[in-house]
Amino acid sequence: MKIIRCKWCDLSSPEYVRYHDEQWGVPVHDDRLLFEMLVLEGMQAGLSWLSILKKRDNFLKAFDNFDVVKVAGYDEEKVAALLQDAGIVRNRLKINGTIRNARSFLEIVREYGSFDSYIWNWVDYTPVQNDYTDRSEIPAETDLSRRISKDLKKRGMTFVGPVIIYAFMQAIGMVNDHDPDCFRRAEIAAM
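First residue of the sequence shown: 6, per this note's numbering; consecutive thereafter.
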């Protein structure tokens, strides 16, 4: 029996297939993983998601397993070291943005108790089950992603535009945008 996956999933890439089958769209409530996904979605801006997936282990090592407290404390010496790390995206704006976002993330945690509480509050703690009949109907951004983006920017974050935030929402399972015929659509909906 042939397994049908989302059309965006590059079947020639084991990283893509594994990410699609095991992670994309699964509701995430762990603050460390939420921070990781927020950083990776921002790092992806202007690049392919596959390039980020292939560098994911390098990102984990370079950014101290996305320990938000450690990242918030990075100094210029650490930034200089990261800019020399060929295993990650060596973009000063994105690296500095990650540090800035870590500090804002911690402020949100202080206010809400967790980033999980903050982000999932936007959907009343229940994943949105979109009912698109065709992949072409899935938007790049929504009114909700624009509102979240605006709020995060107001809180000092960068690389959190509405398209990045919608991709983040899809990745962490706030919305179920698996293709209508994808085998994961029903599995995710049942979670």
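Think of the CB as a built atom: it goes at the ideal place given N, C-alpha and C, for glycine as much as any other residue.
Bear in mind the structure is a predicted one, so any value in this text is a computation, not a measurement.
Proximity to residue i [Cα-Cα], best of the options
{"i": "His-34", "options": "Gly-178, Asp-186, Pro-167 and Arg-152", "result": "Gly-178"}
{"i": "Lys-155", "options": "Tyr-171, Glu-142, Asp-182 and Asp-15", "result": "Tyr-171"}
{"i": "Arg-97", "options": "Glu-82, Tyr-24, Lys-12 and Asp-136", "result": "Glu-82"}
{"i": "Glu-142", "options": "His-183, Tyr-130, Gly-102 and Gly-166", "result": "His-183"}
{"i": "Gly-166", "options": "Ser-18, Gly-118 and Asp-148", "result": "Asp-148"}
{"i": "Phe-40", "options": "Lys-158, Val-74, Gly-92 and Leu-87", "result": "Val-74"}
{"i": "Ile-153", "options": "Leu-43, Ile-93 and Gly-102", "result": "Leu-43"}
{"i": "Asp-69", "options": "Leu-55, Ala-107 and Trp-54", "result": "Ala-107"}
{"i": "Tyr-137", "options": "Trp-125, Lys-158 and Asn-181", "result": "Asn-181"}
CB-CB length for residue i against residue j, believed under 8 Å
{"i": "Val-168", "j": "Ala-145", "result": "5 Å"}
{"i": "Asp-90", "j": "Ala-67", "result": "5 Å"}
{"i": "Met-48", "j": "Lys-99", "result": "6 Å"}
{"i": "Arg-140", "j": "Lys-60", "result": "Actually they are not in contact, since the Cβ atoms of Arg-140 and Lys-60 sit about 26 Å apart, beyond 8 Å."}
{"i": "Ala-77", "j": "Ile-104", "result": "7 Å"}
{"i": "Ser-18", "j": "Leu-52", "result": "With 8 Å as the limit, Ser-18 and Leu-52 do not qualify as a contact, their Cβ atoms being about 15 Å apart."}
Residues that DSSP places opposite residue i in a beta bridge
{"i": "Val-74", "result": "Note: Val-74 sits in no beta bridge, so no partner."}
{"i": "Asn-63", "result": "Partner(s): none; Asn-63 has no beta bridge."}
{"i": "Val-114", "result": "According to DSSP, Val-114 bridges with nothing at all."}
{"i": "Asn-181", "result": "Gln-134"}
### Task
For the segment 184-192 and the segment 6-15, state whether three or more C-beta atom pairs, one from each stretch, are separated by less than 8 Å.
yes
#### Entry: Unbroken stretches of the alpha helix (DSSP H), 4 residues or longer, contained in the segment 33-63
36-49
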